[in-house]
Amino acid sequence: MYSSVVRLQNAFGFFTTVAFTVAAIIAASDLLSPRTPSVGVLKTTNVQVVRGRPHYYSSKKEEYAIIKFSLDADLSTLFTWNTKQLFVYVTAEWPSAGGSGSGQNASNQAVIWDSIITAPSADHLANLGPVGMKKLKRSAEGKSIDPSRGKLTLKNQRPKYQITHPSGKVAEQEDVVLRLHYNVQPWVGLLTWNQDVNFWKWETLKNNLSKKFALPAIKKKKEEKKAGAAR
Numbered sequence: 000m001y002s003s004v005v006r007l008q009n010a011f012g013f014f015t016t017v018a019f020t021v022a023a024i025i026a027a028s029d030l031l032s033p034r035t036p037s038v039g040v041l042k043t044t045n046v047q048v049v050r051g052r053p054h055y056y057s058s059k060k061e062e063y064a065i066i067k068f069s070l071d072a073d074l075s076t077l078f079t080w081n082t083k084q085l086f087v088y089v090t091a092e093w094p095s096a097g098g099s100g101s102g103q104n105a106s107n108q109a110v111i112w113d114s115i116i117t118a119p120s121a122d123h124l125a126n127l128g129p130v131g132m133k134k135l136k137r138s139a140e141g142k143s144i145d146p147s148r149g150k151l152t153l154k155n156q157r158p159k160y161q162i163t164h165p166s167g168k169v170a171e172q173e174d175v176v177l178r179l180h181y182n183v184q185p186w187v188g189l190l191t192w193n194q195d196v197n198f199w200k201w202e203t204l205k206n207n208l209s210k211k212f213a214l215p216a217i218k219k220k221k222e223e224k225k226a227g228a229a230r
């Protein structure tokens, strides 16, 4: 006869096999749900370059850019019954001066804003205060998939992070663009990012790139004095 230890090992082995099989089916079910995210508006509303200390812990003064933007996007189709939360972020990107041929990065990329959007089943993980959590739970009562989640409407949004550069200079940069990114974090399965090509029912994120713009120059002290005298 089998000993108790052997029986326990067999039961545990059967349990893990069933658990992994069910998890694989759940992860594969995401492929059956269409993903059609789109962006209606992504544009800058105000761009400034300032010289100073971008953070309280900065040891020296440097140039940093502050970019305000407006965003209107529909990412609601990224939420399925297997979605835990959605990480959304906006980056500013511009080509490097030297390019890849000089041993530098071909382009620069900096995150200026981000947000985590939880699914109703993961609202308890949201980092909100008591009042915000009550409103969130009230809006999600009885819903496994909330159609309003993932619909972003931001007007003249202030950036969470300023743009800096190792060289300490960012003024007068040309061909800068804003780009919207997302990262789907499921309960079971692999993390997925915004894809470059269409894959079956999953489509690429449309219109997630803004028009090109330039980071302005820093105003000189003489010009500021003249402007102040004129006032």
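No gaps in the numbering here: position 47 of the sequence shown is 46 in numbering that gives the first Met the number 0, and each next residue is one more. Glycine is no exception: its CB is placed at the ideal position from the N, C-alpha and C atoms.
For F68 and A216, the gap between their C-alpha atoms comes out near 19 Å. Taking a cut-off of 8 Å for Cβ pairs, the segment 135-154 and the segment 183-202 do not touch, as fewer than three such pairs fall below it. Measuring C-alpha to C-alpha distances from S120 to each of S106, G128, S138, A109 identifies S138 as the nearest.
Excluding residues up to 5 positions away in sequence, V38, V40, L41, V89, L151, T152, L153, Q156, L179 lie with their Cβ nearer than 8 Å to the Cβ of L70 in the same chain.
C-alpha of Y63 to C-alpha of P36: approximately 32 Å in a straight line. Counting C-beta pairs with one atom in each stretch, the segment 171-178 and the segment 72-84 have fewer than three that are closer than 8 Å, which means they do not touch. Residue pairing from DSSP leaves N206 without any beta-bridge partner. One Cα belongs to K60, the other to K83, and the distance between them is close to 41 Å.
When the alpha-carbon of N206 is set against those of K200, L189, L177, the nearest one is in L177. Boundaries of the alpha helix (DSSP H) around K134: 129-138.
Shown here, N126 sits in coil according to DSSP, grouped into three states, outside any helix or strand. According to DSSP, L179 shares a beta bridge with V89.
Cβ atoms of V187 and I25 come within 8 Å of each other, at about 5 Å. Contact between A118 and F86 fails: their C-beta atoms lie close to 12 Å from each other, not under 8 Å.
Secondary structure of R6 (DSSP, three-state): helix. Excluding the 5 residues flanking it on each side, N81 has same chain C-beta neighbours closer than 8 Å at I25, A26, S28, D29, P185, W186, V187, G188, in chain order.
Excluding five sequence positions before and after W199, the CB atoms of its chain that fall closer than 7 Å to its own CB belong to L30, given in chain order. The continuous stretches of beta strand (DSSP E) do not include S75, and DSSP gives it neither H nor E.
Assigned with DSSP and collapsed to three states, A216 falls in coil, not helix or strand. For S57, no beta strand (DSSP E) run applies, since DSSP gives it neither H nor E.
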